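Participant: By the numbering used here, the letter at position 80 of the sequence shown is numbered 82, and the numbering carries on one by one without gaps.
Note that beta-carbon positions come from the ideal geometry of N, C-alpha and C, so glycine has one too.
These figures come from a predicted structure and were not determined experimentally.
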Amino acid sequence: MIASPIIIELLAQAGFEAVVLDMEHGPLSFDNLNTLIPAARASGIYPIVRVKTQDSALVSSALDVGAAGVLVPQIDSGAAAASVVRAARFAPLGRRGVNPYTRAAGYNARPEWYARANSEVAVLVMVEGSAGIAALPEIVATPGLDGVFIGPFDLSQALGVPGKVDHPAVLAGVESIVAATAKQNLATAVFAPTAILARRWLDRGVRMVALGYDTAMVLEAFRATRDSATLTRADED
Ligand code: 3PY
Ligand code: MG
């Protein structure tokens, strides 16, 4: 969420393999992507852009500016998943508009881009509501989709326990999505706000776990530092 290339460099130093640039809930603009994506590429981590809506133009633009993957929130039907694939894949898989002068295409300096473009990006949709769960068989059968990313916060709201991402109903919901997705040989990913939940999902075969938010991590570090200094002062008094 924090629009700074320094955050990306710090994540890479810490050993993360990918970063989700969150345009759905964060304040990031496409202008921000122009610095964040090159920072991620230079640091050797995959920049995955979560776009704000299912709008096809947002999906293809995120890929044109060089995202390694696009993540589309709130997908609740097979038709919506198919529309994402159409926007993200070039023919014959989809109808993404072609322009070789983009960052993704190396500004026309990557002739191999035409052959590689469809396979070098990940197309991920989020299933995070009751309609999405009901439509899961159609969603996971969508040709050209790489994986399903689960949003436990939205799922908790849909299941009537808002914010309780470790509620048994939410855990069961995530598990059922993981099982249905794995059956189609698609990758599953999940947002995990705690290390315990991250471990749980990795142990159950989830391929990608988005572990926390930069805002929360920075707040936690600021708090811990301040508290330790406060304690030290009290000890000295
Ligand atoms: C969710 O948990 O709903 C998310 O989209 C994570 O950011
Ligand atoms: Mg969500």
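With a threshold of 8 Å (Cβ to nearest heavy atom), would D78 be considered close to ligand 1?
Facilitator: Here residue 78 corresponds to residue number 76 of the sequence shown, with the count starting at 1. Every heavy atom of ligand 1 is 8 Å or more from the Cβ of D78, so no.
Participant: Can the beta-carbon of G131 be found closer than 9 Å to that of A89?
Facilitator: In the sequence shown, the residue the question calls residue 131 occupies position 129. In the sequence shown, the residue the question calls residue 89 occupies position 87. Contact flag unset, no.
Participant: Taking 8 Å as the cut-off, is the beta-carbon of E177 closer than that to any non-hydrogen atom of ligand 1?
Facilitator: Numbered from 1 along the sequence shown, position 175 holds the residue referred to as residue 177. No, since every heavy atom of ligand 1 falls outside the 8 Å radius drawn around the Cβ of E177.
Participant: Assuming E177 and R206 are in contact, meaning their beta carbons sit under 8 Å apart, how far apart are those beta carbons, in whole angstroms?
Facilitator: Residue 177 sits at position 175 when you count from the first residue of the sequence shown. Residue 206 sits at position 204 when you count from the first residue of the sequence shown. With 8 Å as the limit, E177 and R206 qualify as a contact, their Cβ atoms being about 7 Å apart.
Participant: Identify the continuous alpha helix (DSSP H) that holds P195 and give its terminal residues.
Facilitator: Numbered from its first residue, the sequence shown carries residue 195 at position 193. Segment: none, P195 is in no alpha helix (DSSP H) and carries neither H nor E.
Participant: Write down the C-beta distance between M128 and Q76 rounded to the nearest angstrom, noting that I regard them as a contact closer than 8 Å.
Facilitator: Residue 128 sits at position 126 when you count from the first residue of the sequence shown. Residue 76 sits at position 74 when you count from the first residue of the sequence shown. Right, the Cβ-Cβ distance comes to about 6 Å (below 8 Å), so this counts as a contact.
Participant: Extract the residue ranges of the beta strand (DSSP E) inside the region 30 to 115, only unbroken runs of 3 or more that lie entirely within it.
Facilitator: With a minimum length of 3 residues, the continuous beta strand (DSSP E) runs that stay inside the region 30 to 115 are 48 to 52 and 71 to 74.
Participant: Go to A124, then tell me how far its beta strand (DSSP E) extends in each direction, as first and last residue.
Facilitator: Here the question's residue 124 lines up with position 122 in the sequence shown. A124 to V129 is the extent of the beta strand (DSSP E) around A124.
Participant: Nearest to S45 by CA position, among A70, D66, G214 and L12, is which residue?
Facilitator: Sequence index remark: in the sequence shown, residue 45 carries index 43 (1-based). Taking only the C-alpha atoms, the option nearest S45 is L12.
Participant: Looking at the unbroken alpha helix (DSSP H) that takes in L12, where does it start and where does it end?
Facilitator: As a first step, residue 12 is located in the sequence shown; it is residue number 10 there, counting from the start. Start and end: P7 to Q15.
Participant: Looking at the unbroken beta strand (DSSP E) that takes in L23, where does it start and where does it end?
Facilitator: One-based indexing of the sequence shown puts residue 23 at position 21. L23 -> beta strand (DSSP E) spans A20 to D24.
Participant: Would you kindly report the start and end of the unbroken alpha helix (DSSP H) that includes L161?
Facilitator: On the sequence shown, position 159 is the one that residue 161 refers to. Run containing L161: none; DSSP gives neither H nor E here.
Participant: Taking 8 Å as the cut-off, is the CB of L38 close to at least one heavy atom of ligand 1?
Facilitator: If you number the sequence shown from 1, residue 38 lands on position 36. It does not: the Cβ of L38 is nowhere closer than 8 Å to a heavy atom of ligand 1.
Participant: Could you tell me if the beta carbon of L12 falls within a distance shorter than 8 Å of some heavy atom in ligand 1?
Facilitator: Against the sequence shown, residue 12 aligns to sequence position 10. For ligand 1, not one heavy atom lies less than 8 Å from the Cβ of L12.
Participant: Examine ligand 1 and report whether any of its heavy atoms sits within less than 8 Å of the Cβ of L157.
Facilitator: On the sequence shown, residue 157 is found 155 positions in, with the first residue counted as 1. Flag set: Cβ of L157 near ligand 1.
Participant: Give the single residue among E140, R228, A226 and A218 whose Cα lies nearest to the Cα of K1.
Facilitator: Nothing in the structure corresponds to residue 1, since the chain is present only between 3 and 239.
Participant: Could you tell me if the beta carbon of V74 falls within a distance shorter than 8 Å of some heavy atom in ligand 1?
Facilitator: Working through the sequence shown from its first residue, we reach residue 74 at position 72. Not so, every heavy atom of ligand 1 lies at least 8 Å from the Cβ.
Participant: Using a Cβ-based criterion (distance less than 8 Å to any ligand heavy atom), does F32 qualify as near ligand 1?
Facilitator: Position 30 of the sequence shown, counting from 1, holds the residue named residue 32. Incorrect: F32 has no Cβ contact closer than 8 Å to ligand 1.
Participant: Going by beta carbon distance, what residues of the same chain come within less than 6 Å of A69, once the five residues before and after it are set aside?
Facilitator: Counting from one through the sequence shown, the residue named residue 69 turns up at place 67. Excluding residues within five positions, the ones whose Cβ falls inside 6 Å are P49 and V51.
Participant: Given the structure, does M128 come close to ligand 2, in the sense that its CB is under 8 Å from one of the ligand's heavy atoms?
Facilitator: For the purposes of this step, residue 128 is taken as residue 126 along the sequence shown, with counting starting at 1. Result yes, Cβ under 8 Å from ligand 2.
Participant: With a threshold of 16 other CB atoms inside 10 Å of the CB of D78, please say whether the residue is buried or exposed.
Facilitator: Residue numbering aside, residue 78 sits at position 76 when the sequence shown is read from its first letter. D78 should be labelled buried.
Participant: Between which two residues does the alpha helix (DSSP H) holding I135 run?
Facilitator: For the purposes of this step, residue 135 is taken as the residue at position 133 of the sequence shown. Taken as a continuous stretch (DSSP letters only), the alpha helix (DSSP H) holding I135 covers S132 to A136.
Participant: List the residues that DSSP assigns as beta-bridge partners of A210.
Facilitator: For the purposes of this step, residue 210 is identified with residue 208 of the sequence shown, where counting begins at 1. According to the sequence as given, residue 210 is Met; it is not Ala. Answer is A191, bridged to M210.
Participant: Given this structure, state the Cα-to-Cα distance separating T144 from A124, to the nearest angstrom.
Facilitator: As a working mapping, residue 144 is identified with position 142 in the sequence shown. As a working mapping, residue 124 is identified with position 122 in the sequence shown. Near 14 Å, if we compare the C-alpha coordinates of A124 and T144.
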